[in-house]
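Just below is one structure, and these are the notes that go with it.
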Amino acid sequence: MSLDYVKFSSGFEKFMPKEYRDMVEHGPFGKKVSVSQMGSFKEVLEEHPMCAGCAMTLFIRLAMIAFPNPEDTITVGTAGCGRLAISQAAIPFVYGNYGDQNGVASGLSRGLRLRFGDKPKDVVVMAGDGGTADIGFQQVLHSWFRKERFTTIMLDNEVYGNTGGQESGMTNRGAVLKMAPLGKKFEKMDMLQMAKVAGCAYVATVVPNNPRRVESVIKKAVLIAREVGSTYIQAYTSCNIEYAIPTDKVMEDAKNVENDRYQFSEYITDEAKQFLTERYGYKEFLPKPAAPAPGLPKA
Amino acid sequence: MYLVADISVEICAAKSCKLCTQYCPEANTILYSDEMGKDKGFKYGSAYVAVDRCKGCAQCVWVCDNMAKNHAIKMIMIDQLPVAALTDNITYGEKSTTATLVSPTVG
Ligand code: SF4
Ligand code: SF4
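The listed protein sequences correspond, in order, to chains Y and W.
Each residue of the first sequence is one higher than the one before, counting from -19 in this note's numbering.
Each residue of the second sequence is one higher than the one before, counting from 4 in this note's numbering.
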């Protein structure tokens, strides 16, 4: 795992497809790219079968741009829509059995540390709300309690979109879905609070209608997970099929939901703040310069 | 036939905000060229669509209309586009891309 794994074996360049050559020569590997440069470099995500206009697709696209070192990153996923795109990128992807992604990621991140020592190798789990909060719940929580050093991202579309619209733990109370015709009877699970109780060092919520913010929280989460502990991002990534959102209104929906019940939130421990400041030069956590004391007579 | 997004160089290059490139759900689909529009006297370049990758969701139309407030993107039947960008005819440079426009249905 390094920059070399994407390069061509000598003599094979001319047989590689154009997309591959573009990625090696003009992709993000070994460089710093940001969302503000989107449209001018070749992205690692290739064509995939996710539905047109899906907000989850946009979020995955942004996440892959935000990874601090894509050439040193492994993604882990499970059954669900997201894996249809996550697996179509030039970033190694491990497909766990349903629900065991955080167990797989625990072993993987420990193994990479044994093999590569201090050289950062990032493990990022991206799984749906069903995979994270229902079927994978036990392994997710235990990985957090054990303070496993990798990032868990929940692609929260608030439904089992891949299997016809069953309610998940993350569906809102009262939501009527194709396979939940009487409406959900229980509240949406508070995974954010659980992540804090279980000891995550960084917990954030985002909505993809703010690409720069998505980039910023993913970068922080991945960097903190290198040393400090588990990090968790919960992203609202609507299912326009199961919630019948016209595709040209997906961003309008994201904006409304963000204002209504998915406001940006960020929780970060003091240890994580100190780590980002000292190791990666973050300025936002430095103490603000003290304001001059009011009412003192001028000298 | 099916709809794809089409960006008017004249309208886009007057603003050139690059917002749509950040909101298209598909990667490597709305690209940006510093050169496009220069021949028409515009200072900045324009966004354009690799129509072979566009899934026709029209999210970019909403973004250009409502966020950029520029109305540069329209959905159009692919066989009504005389020329368009296709992945095979796009060249990546250091900071920008260039595209040779061809008939999208003939290739
Ligand atoms: S959002 Fe509109 S004005 Fe901005 S780059 Fe895209 S097409 Fe051009
Ligand atoms: S219509 Fe959808 S897929 Fe096509 S360019 Fe616009 S946002 Fe991208």
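Backbone N, C-alpha and C define an ideal beta-carbon position, used for all residues, glycine too.
- For chain W, the residues of the segment 218 to 242 of chain Y that bring a beta carbon within less than 8 Å of one of its beta carbons are T227, D228, K229, V230, M231, E232, in chain order.
- Counting only Cβ-Cβ distances below 7 Å, N31 of chain W has contacts in chain Y at K22, E23, in chain order.
- In summary, the residues of the segment -8 to 19 of chain Y whose CB is separated from some CB of chain W by less than 8 Å are K(-2), E(-1), D2, E5, H6, V15, S16, Q17, M18, G19, in the order they occur in the chain.
- Among the CB atoms of chain Y, none fall inside 7 Å of the CB of G40 of chain W.
- Along the segment 117 to 185 of chain Y, the alpha helix (DSSP H) occurs as fully enclosed runs of 4 or more residues at 117 to 125, 171 to 177, listed in sequence order.
- In this structure, the beta-carbon distance from K176 of chain Y to V183 of chain Y falls below 7 Å.
- Taking 6 Å as the cut-off, one finds no heavy atom of ligand 1 near enough to the beta carbon of I45 of chain Y.
- The beta carbon of T55 of chain Y sits no closer than 7 Å to any beta carbon of chain W.
- The beta-carbon separation of V202 of chain Y and F47 of chain Y, rounded to 6 Å, stays under the 8 Å limit for a contact.
- At a threshold of 6 Å, Q62 of chain W counts as near ligand 2, since its beta carbon sits closer than that to one of the ligand's heavy atoms.
- Counting only runs of 3 or more residues that sit fully inside the segment 211 to 265 of chain Y, the beta strand (DSSP E) segments are 211 to 216, 245 to 248, in chain order.
- Residues of the segment 42 to 60 of chain W with a C-beta atom less than 7 Å from some C-beta of chain Y are A50, R56, K58, G59, C60, listed in chain order.
- When Y:N239, Y:E232, Y:G261, Y:E26 are compared, the shortest CA-CA separation from K200 of chain Y is found for Y:G261.
- Contact between I76 of chain W and A8 of chain W holds, with the beta-carbon distance rounding to 5 Å and staying under 8 Å.
- With three or more CB-CB distances shorter than 8 Å, the segment 43 to 58 of chain Y counts as touching the segment 91 to 110 of chain Y.
- For R41 of chain Y, the neighbours in chain W by C-beta distance under 7 Å run, in chain order, P28, A30.
- Against chain Y, the CB of S99 of chain W has a partner CB under 7 Å away; the residue lies at that interface.
- If you look at T55 of chain Y, you'll find it in the beta strand (DSSP E) that goes 53 to 57.
- With respect to T32 of chain W, C15 of chain W sits apart: the two C-beta atoms are not nearer than 7 Å.
- The beta carbon of P191 of chain Y falls within 7 Å of a beta carbon belonging to chain W, placing the residue at that interface.
- The beta carbon of L38 of chain Y falls within 7 Å of a beta carbon belonging to chain W, placing the residue at that interface.
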